[in-house]
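Just so it is clear: in the sequence shown, position 822 is 822 by UniProt numbering, and no numbers are missing.
Here's the structure, in structure tokens; my notes come after.
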Amino acid sequence: MERLCRAESRPEVKFWSLQTLTQYFQQRSQLLQPNEVQLIKQGMMSWITEIVAKREVPSFVKGKFAQALVILFKTLYPTNWPTFFKDLFSTLNLGEAVVDLYVRILEAIDDEIVTRLIDRTPEENKRTTLIKDNMREDCIPEMVKTWYTIIEAKHPTLSPRCLKVMPGYIDWIDINLITTDSFMGLFFSLMKLKEYRNEVCDCLYEICIKGMPAVEKVNLLSRLQLPNLVSTIQYNSDEDDMFSTRVAKLTNAICVQLLECWEGSKYDQTSNAYILMTNLIPLVFKLFGDEDDETSGNVITFINNYMMQLKLKQKAKIPTNDIEKQHVASMLQIIRTKCRYRDDYNFDPLQQDEYEVGFTEYRRELLLMYKNSARLVPDMVREFTKGALLHGVTNLQTVHFSEVEIGLALFYHIGEMFNEDKEIINDVFFQQCLTAIIEANVSTHPHESVQLMYFEICGRYCKLLTLTPHLIVPVLGSFVDERGLRNKHETIRSRTTFLLLRLVKALQNQLYPYVENLYQYLKEFLIIDVAQIQSSIALKNSQASLNENNLDRSLGEKLFLFEAMGNVLSNEKVVSATRTLVLEQMLQPLLTQMDQIISGKLYNSDTTESPTFSTLLAYQIEALVYLSKGFTKGGAHLIECRSVFKKILLHNVVAISKALPNQALVAEKVILYLHRMISLFTDQDVLELFPLIVSQLFHAVQINEQVQLKDVVVLINQLITKYGTKCATLINDLLMPLVGKLFQMIDAGKYDQSLMRSEEIRQKVELHKSYFNLINNILGQNIAQVLTSSKNVGQLDQILETLIQGCNHTSQPIVKICFSILNHIVKRYTCQQPTEFNQLQGFEKYVLERIVPTCFAVPMNVEFELGDGINNQTLGDIALILKELVRSAKGQDFVVYLMQNILPQLNVSHQVMQIFIENLTSAEDKVLKRVLKDLFKQCRQQQQWQQQNKI
1 MERLCRAESR PEVKFWSLQT LTQYFQQRSQ LLQPNEVQLI KQGMMSWITE
51 IVAKREVPSF VKGKFAQALV ILFKTLYPTN WPTFFKDLFS TLNLGEAVVD
101 LYVRILEAID DEIVTRLIDR TPEENKRTTL IKDNMREDCI PEMVKTWYTI
151 IEAKHPTLSP RCLKVMPGYI DWIDINLITT DSFMGLFFSL MKLKEYRNEV
201 CDCLYEICIK GMPAVEKVNL LSRLQLPNLV STIQYNSDED DMFSTRVAKL
251 TNAICVQLLE CWEGSKYDQT SNAYILMTNL IPLVFKLFGD EDDETSGNVI
301 TFINNYMMQL KLKQKAKIPT NDIEKQHVAS MLQIIRTKCR YRDDYNFDPL
351 QQDEYEVGFT EYRRELLLMY KNSARLVPDM VREFTKGALL HGVTNLQTVH
401 FSEVEIGLAL FYHIGEMFNE DKEIINDVFF QQCLTAIIEA NVSTHPHESV
451 QLMYFEICGR YCKLLTLTPH LIVPVLGSFV DERGLRNKHE TIRSRTTFLL
501 LRLVKALQNQ LYPYVENLYQ YLKEFLIIDV AQIQSSIALK NSQASLNENN
551 LDRSLGEKLF LFEAMGNVLS NEKVVSATRT LVLEQMLQPL LTQMDQIISG
601 KLYNSDTTES PTFSTLLAYQ IEALVYLSKG FTKGGAHLIE CRSVFKKILL
651 HNVVAISKAL PNQALVAEKV ILYLHRMISL FTDQDVLELF PLIVSQLFHA
701 VQINEQVQLK DVVVLINQLI TKYGTKCATL INDLLMPLVG KLFQMIDAGK
751 YDQSLMRSEE IRQKVELHKS YFNLINNILG QNIAQVLTSS KNVGQLDQIL
801 ETLIQGCNHT SQPIVKICFS ILNHIVKRYT CQQPTEFNQL QGFEKYVLER
851 IVPTCFAVPM NVEFELGDGI NNQTLGDIAL ILKELVRSAK GQDFVVYLMQ
901 NILPQLNVSH QVMQIFIENL TSAEDKVLKR VLKDLFKQCR QQQQWQQQNK
951 I
């Protein structure tokens with residue numbers, strides 16, 4: 001304090017002294033003695049009267065002083081400094097410098113105590129609430145008078161700053177102090193002055209959104225004449241966009257409040273709220289249509305809310321009147337105008353600047369509003385959309401590209417609001433618009449945005465082409481020539497590749513005559529060569545953030561073309577000879593290259609940084625996978641195609657897997673191929689071929705743990721799910737080595753589960769989950785005998801123990817799976833017919849000493865949230881386990897065991913035990929689950945009460 005008050009002290013020394021005081025007040029103020037508090041208070045006030053009032057003090061020092069004083073105020077007020085504001089107000093006649101400091105203090109109070117933008121502890125919130133409550137009674141009326149005096153003086157810096165600090169206080173003080181005739185008259189007069197109008201708008205905005213009953217709010221807005229004020233404001237966003245955005249924000253706030261009041265009146269169109277709001281809506285749409293996007297965006301909240309209320313009004317059987325329909329029409333026209341691209345808009349997403357990113361997001365919001373209006377007034381929106389579309393496509397060569405593009409975009413987006421199969425396909429509007437687009441040759445337009453929207457429309461409405469088959473050839477041609485796949489713009493080439501697949505799937509029955517022609521257009525894209533792979537690897541290496549499988553995007557896009565050809569070839573109307581010929585022409589280059597790589601061992605030249613040939617093989621296998629997707633649902637006409645894929649499996653895929661057992665990407669694609677073949681092959685083929693192939697894959701895992709064992713387990717699970725007992729021999733042979741490897745890779749389930757953010761631990765959790773899914777599948781598909789066969793029974797104890805560990809896992813899905821497995825086991829154990837488990841010596845001990853205690857211990861854990869959805873399902877499995885045991889042949893013995901060994905440990909009364917046992921014996925599953933949850937709640941409360949009493 002001494003250094004602070006020395007006149008000769010440098011400003012930096014004063015700033016440092018104030019910083020030290022601030023930290024002391026924040027951290028150690030409770031250590032101050034009463035006499036020290038008094039000295040500090042006097043010293044701080046003296047600094048105002050003797051230093052600030054009489055000497056020039058730098059702004060940064062005054063700002064730091066205001067912060068220090070407010071920290072002290074926060075600590076002492078009101079108990080130990082009840083006269084703080086009285087002392088402060090008494091200094092305001094000492095000159096502009098003191099008034100400047102006063103405004104800084106008000107700003108600091110807002111920042112430290114008032115603002116809701118800071119997260120505070122419950123204790124801090126309690127403290128700030130106490131301060132504000134006392135301020136309301138102690139000083140706010142006088143403070144408001146000081147504001148008026150400062151603002152009325154129209155000081156070039158102090159008056160705007162005072163206006164700027166007011167909104168933070170208006171939120172929580174008595175609104176009647178601000179809405180006086182004198183204050184509102186001052187506001188209205190300052191609104192005409194450029195230096196003050198922005199801050200005045202902010203104050204009026206806070207007045208508008210002040211919480212109060214609807215009727216009082218309408219009366220307040222009407223009395224203050226705020227609707228009339230904003231209607232007369234002159235603004236120009238070109239000259240002052242900051243002011244226009246504030247006018248829009250204020251208008252939006254007024255209208256939102258009036259709209260809420262109108263909703264509360266049950267949509268009474270004679271209400272004052274509706275009249276005031278309706279009078280303001282023309283201004284809203286004027287602001288909405290402003291060229292400045294921020295000004296326009298500031299009224300979107302009201303427009304969205306208004307449209308929502310019109311929908312609710314319709315649901316209430318109150319029709320939309322002509323005025324409201326005109327409002328919707330105005331909105332549609334403005335959206336159309338605002339969504340148009342500028343000439344200098346950069347369509348390359350990698351090179352867009354801040355404006356373009358912002359406009360893209362704003363346009364998305366506007367188009368969402370447009371789509372939502374389609375449910376409110378569908379006929380109007382259809383008519384408007386058709387008009388905008390035809391204006392562009394019928395004047396394709398003369399109108400600006402943005403006029404064409406927005407007409408197409410509106411037509412494209414409106415489709416999201418209608419059901420494709422029920423509404424769009426039967427609506428002549430969609431047929432007429434699509435026909436107009438195609439016949440106008442929109443695909444030939446030179447601008448990329450128009451081209452892209454054309455293809456998006458063809459992809460969305462492609463099913464309509466089944467009704468206009470004469471348009472199929474022109475559309476297909478646009479996809480495969482220089483307008484689509486051969487377009488100079490990468491974005492269009494990329495998007496067209498995917499959309500062509502959608503088109504082919506929708507028109508599968510119409511495209512069969514064009515199979516050969518389509519292949520001729522696509523064949524150059526159906527080649528994956530070394531140069532592409534090397535380019536992709538180089539790209540991946542130059543962008544370290546990319547995933548190792550996320551190589552050149554064009555490689556992934558080729559896969560869509562393979563799938564498209566598969567879909568066309570699989571159609572039963574394709575001539576068999578044609579299908580065979582095209583398939584051979586497609587596969588020959590790919591299979592020849594595979595053979596050359598394997599026979600020549602070209603993959604030996606691969607390096608860690610550039611695994612060219614192994615990557616090429618992986619993508620070639622994946623291309624075969626995508627090609628096969630089209631053949632899954634075929635009939636007898638595809639027998640020959642299946643034999644082709646079978647031959648590829650035996651002569652190519654297996655050879656690749658053997659040659660590259662340590663290459664993770666290759667193994668991943670081989671497994672993907674096998675997944676597809678399970679769906680494609682006959683049962684006989686799968687059961688004949690897969691045992692050797694799966695064993696080979698598992699051998700690869702044994703050699704190199706980088707290959708995902710989880711993927712192998714998923715493949716085995718697919719086999720079990722589809723073939724059940726037919727694949728029991730395969731599972732019986734694989735189970736012991738597979739489970740042994742799983743135990744090894746997951747550390748027998750003893751890894752640190754608390755490190756869930758670790759990638760290594762996450763991988764172990766996923767592998768652990770796949771293991772439990774395997775056991776669950778074995779039991780669910782009735783091949784439980786493999787668990788107790790002579791080959792595997794030696795590992796059964798360890799498997800059973802992992803189930804108990806899994807029930808105590810931190811992962812809820814794993815806990816759920818494990819109790820589901822135990823439920824399967826108990827059902828087979830309690831079955832009256834001989835099963836693997838009820839014939840197993842000593843298994844009853846595992847049930848009573850391991851399964852049953854776990855059923856009670858897990859839900860008693862405080863980390864097991866009883867209200868959680870997954871845990872609720874787990875409780876259902878627990879209920880089923882206990883029910884099976886109670887209602888089995890040995891049920892009475894089990895009841896005795898529960899009463900003597902389990903339930904007493906829960907510390908519940910004998911009556912509660914009896915009720916629980918009665919429900920186990922007779923209640924339905926849903927009731928039993930609820931009873932179980934209530935029991936655990938009661939036991940936890942009892943446990944918590946006992947622990948508190950111990951303390």
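Backbone N, C-alpha and C fix where the C-beta goes; we use that ideal spot for every residue, glycine too.
How is residue i classed by DSSP in three states: helix, strand or coil?
i	result
S790	coil
G724	helix
N74	Correcting the residue type first, residue 74 is Lys in the shown sequence and not Asn. Looking at K74 - three-state DSSP - the assignment turns out to be helix.
Y267	coil
D427	coil
H699	helix
N125	helix
S237	coil
Y897	helix
V377	coil
V931	helix
T398	coil
Q832	coil
N547	Model confidence at N547 stands at a pLDDT of 42, short of 50, so the residue's coordinates are unreliable and nothing is read from them.
Over what stretch of residues does the alpha helix (DSSP H) that includes residue i continue unbroken?
i	result
T682	Note, T682: premise wrong, no alpha helix (DSSP H); not H, not E.
S570	That residue, S570, is in no alpha helix (DSSP H); it is neither H nor E in DSSP.
V230	L226 to T232
S449	E448 to R460
N860	Residue identity check: residue 860 is Met in the sequence provided, not Asn. Segment V852 to M860, the alpha helix (DSSP H) holding M860.
P469	First-last for P469: undefined, no H or E at that position.
If we call anything under 8 Å between Cβ atoms a contact, is residue i one with residue j?
i	j	result
L649	F698	no
V328	S373	yes
L680	T632	yes
A564	V644	no
C433	K386	yes
T466	Q431	no
H824	L779	yes
L258	V218	yes
N732	N777	no
I406	C339	yes
L88	V52	no
I639	F613	no
Roughly how many angstroms lie between the CA atoms of residue i and residue j, to the nearest whole one?
i	j	result
G794	T854	23 Å
V582	D877	53 Å
R940	F916	16 Å
I151	A108	19 Å
I870	I814	10 Å
residue 952	F302	Outside the displayed span of the chain (1 to 951) sits residue 952, for which this structure offers no information.
H413	G289	21 Å
V670	L617	10 Å
Q798	M736	11 Å
C208	C261	13 Å
residue 996	V694	Residue 996 is absent from the model: the chain starts at 1 and stops at 951.
C139	F15	29 Å
T75	V57	26 Å
Against chain B, does residue i count as a neighbour if the rule is that its beta carbon must be under 8 Å from one of theirs?
i	result
L367	Checking the listed chains, one finds no chain B in this structure; it contains a single protein chain.
Flag residue i as yes when its Cβ comes closer than 7 Å to any non-hydrogen atom of the ligand HEM, and as no otherwise.
i	result
N776	This structure simply doesn't include the ligand HEM, nor any ligand for that matter.
### Task
Decide yes or no for the touch test of the stretch 373-384 against the stretch 346-356: beta carbon pairs closer than 8 Å, at least 3 of them.
no
### Query
Do three or more CB pairs link the stretch 226-237 to the stretch 249-258 at distances below 8 Å?
yes
### Message
Would the stretch 807-823 count as touching the stretch 875-890 if we require 3 or more Cβ pairs under 8 Å?
### Response
yes
### Query
Are the stretch 269-285 and the stretch 238-246 touching by the rule of at least three beta carbon pairs closer than 8 Å?
no
### Task
Report yes or no: do the stretch 308-325 and the stretch 392-407 share at least 3 C-beta pairs separated by less than 8 Å?
no
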